[in-house]
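Residue numbers (the UniProt record's numbering), protein chains in the order written: chain A, 1 to 595; chain B, 1 to 595.
Written below as structure tokens is the structure these notes are about.
2 protein chains.
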Amino acid sequence: MLKRAALALTLAVAATGASANPELLRLQRDPNQWVIPNGNYASQRYSELNQINRENVNQLRPAWQFSTGVLRGHEGGPLVVGEVMYIHTPFPNRVFALDLNTPGRVLWRYEPTQDPSVIGVMCCDTVNRGPAYADGKIILSQADTTLVALDARTGREVWKVKNGDAGKGETSTMSPLVVGDKVLVGISGGEFGIRGHITAYNLADGKQAWRAYSVGPDNEILFDPQKTTAMGQPVGENSSLRTWEGDQWKIGGGATWGWISYDPELNLIYYGSGNPGTWNPVQRPGDNKWSMTIFARDANTGMARWVYQMTPHDEWDYDGVNEMILADNIQVGNQRVAKALVHFDRNGFGYTLNRENGQLLVAQKFDPAVNWATHVDMETGRPQVVREFSTRQGGEDQNTQNICPAALGSKDQQPAAYSPRSGMFYVPTNHVCMDYEPFRVSYTAGQPYIGATLSMYPPKGSDHMGNFIAWDAGQGRIVWSKPERFSVWSGALATAGDIVFYGTLEGYLKAVDLKDGKELFSYRTPSGIIGNVNTFTHKGKQYVAVLSGVGGWAGIGMAAGLQGESEGLGAVGAYKSLSDYTQLGGVLTVFALPN
Amino acid sequence: MLKRAALALTLAVAATGASANPELLRLQRDPNQWVIPNGNYASQRYSELNQINRENVNQLRPAWQFSTGVLRGHEGGPLVVGEVMYIHTPFPNRVFALDLNTPGRVLWRYEPTQDPSVIGVMCCDTVNRGPAYADGKIILSQADTTLVALDARTGREVWKVKNGDAGKGETSTMSPLVVGDKVLVGISGGEFGIRGHITAYNLADGKQAWRAYSVGPDNEILFDPQKTTAMGQPVGENSSLRTWEGDQWKIGGGATWGWISYDPELNLIYYGSGNPGTWNPVQRPGDNKWSMTIFARDANTGMARWVYQMTPHDEWDYDGVNEMILADNIQVGNQRVAKALVHFDRNGFGYTLNRENGQLLVAQKFDPAVNWATHVDMETGRPQVVREFSTRQGGEDQNTQNICPAALGSKDQQPAAYSPRSGMFYVPTNHVCMDYEPFRVSYTAGQPYIGATLSMYPPKGSDHMGNFIAWDAGQGRIVWSKPERFSVWSGALATAGDIVFYGTLEGYLKAVDLKDGKELFSYRTPSGIIGNVNTFTHKGKQYVAVLSGVGGWAGIGMAAGLQGESEGLGAVGAYKSLSDYTQLGGVLTVFALPN
Ligand SMILES: O=C(O)c1cc(C(=O)O)c2c(n1)C(=O)C(=O)c1cc(C(=O)O)[nH]c1-2
Ligand SMILES: O=C(O)c1cc(C(=O)O)c2c(n1)C(=O)C(=O)c1cc(C(=O)O)[nH]c1-2
């Protein structure tokens with residue numbers, strides 16, 4: 001089955017002439033390895049492995065562990081290529097190649113020298129979501145925006161290139177994606193008035209192939225006014241410029257710090273852009289396009305095929321960067337959508353789109369607490385904002401209260417999983433609200449360009465701050481929801497064992513039953529989990545692996561040693577009791593069934 | 001059985017009028033708890049628990065974990081008092097009280113504010129061997145020599161007192177011992193020309209009760225020239241001063257940074273003193289008494305009952321501070337020694353003494369590689385030094401090569417275990433040699449006062465740097481020896497399950513068969529283990545717990561980020577390949593059998 005699918009795809013690719021990386025296509029279909037941070041180009045975080053399953057997962061236990069020697073938030077997860085596991089750390093962005101034949105044996109390690117001043121311009125902890133593998137290379141995007149290709153066998157640098165300027169607040173936390181002969185990488189800095197872009201570098205030598213900004217003139221955002229569409233219509237000329245006052249787009253944000261997906265048949269990449277700069281909406285009238293937008297771009301040229309802006313004129317910092325999950329044959333009403341894109345946005349809506357043309361099919365709340373908008377108008381694609389929760393409405397220096405979700409969204413960077421067996425999505429979510437008070441701010445390169453004071457807390461009457469949910473993307477409804485004390489900040493994994501794994505901020509790795517969310521397994525790892533759960537086999541035996549090490553935006557209080565309730569862009573207060581459960585760490589745990 | 005023994009002792013104590021702490025005596029006899037760092041006053045590191053045993057230990061597995069949020073060497077181990085576990089960290093010396101009913105739940109945490117400049121005057125990593133418990137208090141000796149008593153229920157400070165002056169290089173790494181109504185604590189700084197002492201503070205209020213220096217005038221070392229004996233003879237007047245030139249004793253070292261044991265019947269405490277300052281023997285002629293000495297002192301007054309100097313006029317930095325294990329009814333030849341003291345010294349000799357009077361019974365090499373002395377003269381107690389390996393012989397700036405053991409000894413601070421069931425001792429050892437080149441140095445307060453350049457390596461022809469051995473202290477011979485790649489820097493635990501636990505520098509927790517050293521269990525914890533293995537029960541189930549987190553002198557290269565072969569007082573080169581196996585960490589792992 002698996003083999004046949006792979007073959008079919010390879011042929012399709014050959015037919016369209018798209019340059020998908022044949023090695024990567026092959027490797028990502030081998031469930032024994034884990035070669036792409038989110039499992040495959042479709043970002044499904046699904047594995048065909050089923051040795052560990054509903055019946056025996058309660059016997060799962062740690063098999064071996066490896067401390068990375070670095071504290072603060074450990075996002076991303078291990079890659080497994082052949083008999084080697086690659087793990088990485090937050091700043092200073094170490095990479096270790098570990099020999100699976102002698103668990104914990106370090107084959108090589110890489111530790112870049114980076115100016116530590118970059119720490120001060122990273123908004124949400126010193127995280128890194130992990131390197132990419134392709135073509136015998138490990139490609140890492142360092143905090144200081146250095147993109148480096150390492151020889152996967154020796155750890156030696158093959159090439160490196162600077163993708164941005166940390167002096168201006170441009171940093172990097174994301175996982176590059178290799179497509180064909182190119183490495184695609186985004187940039188962070190939405191809180192520093194940067195202008196986001198996705199850039200393609202040649203895998204062979206690191207030479208820049210193309211760059212597509214999120215905001216700006218058509219030739220810089222790589223839009224064809226006639227061919228690039230939004231809601232089925234050509235965007236027309238200056239589709240971005242028209243939505244900004246004067247030169248504001250130059251510091252307009254739209255950072256691209258999330259995940260990239262890819263459809264080899266369509267040869268399109270999919271990703272989202274972040275918040276427009278500043279967080280004070282009063283200062284930047286207009287829709288601020290194309291911040292908060294899903295982009296479908298041609299992988300070879302970067303030209304935009306279609307776009308969809310989820311949160312025009314953001315007033316809440318609902319970055320649109322969360323992963324785009326590509327799933328096939330989703331039943332929406334009586335329409336069977338061959339090629340869907342499913343996206344759980346920070347703004348609390350779960351979107352289903354036709355990924356061939358960007359048609360909006362479903363937009364429903366995936367947390368019932370969401371109150372900033374009543375619904376999304378399916379004709380215009382625009383959310384119907386509730387006046388009471390508009391932070392621009394009252395003007396500057398007015399505190400708007402009880403907005404749900406909080407700025408970190410009903411879901412943040414933690415990637416969801418999709419099981420083709422159940423056809424459902426398994427989503428780590430936040431259940432947090434906020435007060436938001438915009439204030440006037442002026443831009444200085446390299447200085448925070450934020451302009452709002454936030455404070456966060458659980459929804460009124462709620463005693464928990466997260467849920468792990470199953471979502472029906474065709475119907476736009478929650479199938480089951482499992483409450484968690486804190487936000488679930490870890491990436492999920494669904495397997496053919498009909499279980500889903502995820503981690504909690506207290507540090508538990510959990511496995512639940514696909515069908516009803518019943519907890520089947522739970523183990524307390526050394527530190528809070530904001531990493532993503534991956535699986536692989538070695539010598540025929542299935543393993544599950546995860547990094548623990550609390551941090552990220554939710555854990556910023558502990559990670560950066562902040563105490564004030566509204567510090568850490570408003571997150572410190574909400575999560576302050578986290579330190580009663582866990583402390584900083586940085587440990588890989590590899591789980592297995594007993595022999 | 002256990003109960004009867006406890007009762008007998010309590011009566012004996014009452015009879016001699018000694019003020020052993022009755023609560024501590026009772027608690028340390030309860031195998032369900034672990035209330036003294038080395039298990040009991042006798043430093044036996046033995047537990048009567050046998051749920052985990054030779055037959056089932058292979059099924060042992062991590063039950064839960066807790067990252068301390070601190071990197072560098074984690075020495076010592078968890079205390080368990082009732083349903084609360086207390087763990088501690090290296091500098092900044094955090095203490096956590098964890099609720100065993102909700103594993104990992106932090107009841108309270110304590111983090112002292114200490115001047116970080118103390119890090120620079122700690123010779124051998126920022127380690128701490130753990131607090132003491134007594135009388136509802138947790139007593140911690142911080143790096144900066146602050147001795148603090150915390151309310152065990154709330155973590156609030158009850159009292160604190162400064163035991164030394166970090167500005168002069170006085171620091172602390174050791175575990176205080178509570179005896180009766182006093183807290184006993186030593187001091188580190190042998191590499192900074194300090195003058196070591198043991199000091200008793202009142203448990204109730206921290207007021208100083210007595211202080212006994214290692215070197216100096218009789219009234220400061222608390223010697224009675226007539227009643228204090230060495231090798232069965234009164235020491236006479238100025239027994240220390242006579243062995244130093246001029247005022248050199250004032251910067252004479254003899255730090256007291258190791259373990260303290262206690263015999264409640266005799267009301268004597270036992271501990272050893274460290275190296276004389278400087279490491280350049282040419283500069284300090286004489287025996288340099290009472291450095292490198294075992295002391296037996298009255299617990300109430302501090303007066304010395306007897307002393308035994310193991311390495312007069314040290315030329316190798318063989319600190320005599322390793323733990324004194326008190327064992328009863330040891331058969332030495334045809335003599336049955338009711339009250340023995342067994343000590344594995346850095347100098348490579350395993351000593352058995354009569355702890356009532358200091359009589360030397362056995363002194364044999366516990367690593368066959370030991371070459372600096374041929375034997376110990378049983379009449380005089382003096383080692384017979386091999387001229388070729390005397391570092392003074394060639395004078396200053398002469399490199400003496402291939403001395404075994406290296407300065408860190410055939411064993412360092414890592415405590416051994418004693419099983420009353422087998423009557424044998426289980427000893428984590430180093431198998432390392434060195435080159436040693438003394439040079440002239442002058443004393444400046446707070447500056448290193450070392451005066452030798454060292455480099456370390458495995459013994460010629462040897463491919464490993466450690467052994468875990470079983471030792472017969474009556475016969476002075478190795479019963480079995482299990483080689484390890486690196487020195488075994490972790491404290492052992494023997495149990496009534498007839499197994500012995502220890503950790504390795506790569507990070508494995510191992511369990512071996514008491515009778516032959518066969519490895520029965522091994523688990524790779526997150527980081528190298530230099531902590532001590534402890535055991536306890538909770539709700540009737542046995543657990544084994546250990547801190548991992550590589551460091552200490554052996555791990556100083558990684559801990560302090562040193563690269564040069566002879567940096568870290570000579571240790572960096574020998575252990576440089578350690579980073580191919582493990583990285584820094586700080587994680588508690590609690591093991592249990594499956595339910
Ligand atoms: O606008 C940006 O450039 C930017 C960057 C990042 C980042 O790179 O981690 C985050 C965010 N924004 C952000 O809004 C956010 O919620 C967030 C959470 C996290 C995290 O790793 O936990 N990073 C980021
Ligand atoms: O002379 C001293 O004051 C002193 C202190 C310490 C210490 O406090 O850790 C060590 C030593 N010496 C020492 O010689 C030594 O081998 C050593 C090893 C370790 C360790 O924790 O690994 N500490 C120390």
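Ideal Cβ placement from N, Cα and C applies to all residues, glycine included.
| Item | Value |
| --- | --- |
| Per-residue burial, Met378(B) [other beta carbons within 10 Å of its own, 16 or more giving buried] | exposed |
| Three-state secondary structure (DSSP) of Leu27(B) | helix |
| Contact residues within the segment 41-73 of chain A, judged by C-beta distance below 7 Å to chain B | Arg61, Pro62, Trp64, Gln65, Phe66, Ser67, Thr68, Gly69, Leu71 |
| Which residues DSSP lists as bridging Lys339(B), in chain order | Asp328(B) |
| Cβ distance (whole Å) where Ser188(A) is taken to contact Gly216(A) below 8 Å | Their Cβ separation, rounded to whole angstroms, is 18 Å, which puts Ser188(A) and Gly216(A) out of contact at 8 Å. |
| Backbone CA spacing between residue 598(B) and Gly320(A) [nearest angstrom] | Because chain B in this structure spans residues 1 to 595, residue 598(B) falls outside the shown range and cannot be described. |
| C-beta atoms of Met558(B) and Val546(B) nearer than 8 Å | no |
| Chain A contact for Arg105(B) (CB, 8 Å cutoff) | yes |
| Within-8 Å CB hit, Arg524(B) to chain A | yes |
| The segment 286-302 of chain A in contact with the segment 255-267 of chain A per 3-pair CB rule at 8 Å | yes |
| 8 Å Cβ cutoff, Ala592(B) in contact with chain A | no |
| Touch test, the segment 178-188 of chain B against the segment 299-313 of chain B, Cβ-Cβ under 8 Å, three pairs minimum | yes |
| Cα-Cα separation between Ile403(A) and Ser455(A), rounded to whole angstroms | 10 Å |
| C-beta neighbour in chain B for Leu341(A), strict 8 Å | no |
| Top-ranked residue by Cα proximity to Ile269(B), from Ile325(B), Glu245(B), Phe521(B), Gln65(B) | Ile325(B) |
| DSSP three-state assignment for Arg242(B), whether helix, strand or coil | helix |
| Through-space distance from Ser43(B) to Pro264(B), alpha-carbon basis | 13 Å |
| Within 8 Å, strictly: CB atoms of Ala504(B) and Ile529(B) | Checking the displayed sequence, the identity of residue 504(B) turns out to be Thr instead of Ala. In contact: Thr504(B) and Ile529(B) (Cβ atoms closer than 8 Å). |
| Proximity test, Cβ basis, 8 Å: Val587(B) and chain A | yes |
| Listed by chain order, chain A residues near Gly507(B) by CB distance under 7 Å | Gly104 |
| For Tyr86(A), the nearest candidate out of Pro131(A), Ala416(A), Val121(A) (CA to CA) | Pro131(A) |
| Selection from Asp115(B), His431(B), Glu245(B) that minimises the alpha carbon distance to Asp367(B) | His431(B) |
| Exposure label - Gly136(B); buried when at least 16 CB within 10 Å | exposed |
| Inter-residue CB distance, Ala63(B) and Phe591(B) (contact presumed, cutoff 8 Å) | 6 Å |
| Whole-number beta carbon distance between Thr173(A) and Arg129(A), since they are thought to touch under 8 Å | 6 Å |
| heavy atom of ligand 2 below 7 Å from Leu408(B) C-beta | yes |
| Cβ-based neighbour list, Thr68(A), same chain, cut-off 6 Å, excluding 5 preceding and 5 following | Thr89, Gly586 |
| Three-pair Cβ contact test at 8 Å for the segment 390-404 of chain B versus the segment 332-342 of chain B | no |
| Alpha carbon of Thr582(B) to alpha carbon of Pro526(A), nearest angstrom | 16 Å |
| Interface residues of chain B facing Asp580(A) [CB-CB closer than 8 Å] | Arg105, Val106 |
| Distance, Ala143(B) Cα to Leu578(B) Cα | 26 Å |
| Within 8 Å of chain A by C-beta, residues of the UniProt domain "Pyrrolo-quinoline quinone repeat" (490-544) of chain B in sequence order | Glu506, Gly507, Tyr523, Arg524, Thr525, Pro526, Ser527 |
| Top-ranked residue by Cα proximity to Ala473(B), from Glu506(B), Ala571(B), Gln364(B), Ser566(B) | Gln364(B) |
| Sub-8 Å separation of Gly155(B) and Ala200(B) beta-carbons | no |
| Residues from the segment 87-121 of chain A in contact with chain B, defined by Cβ distance under 7 Å | Pro103, Gly104, Arg105, Val106 |
| Bridge-paired residues (DSSP) for Val185(A) | Thr199(A) |
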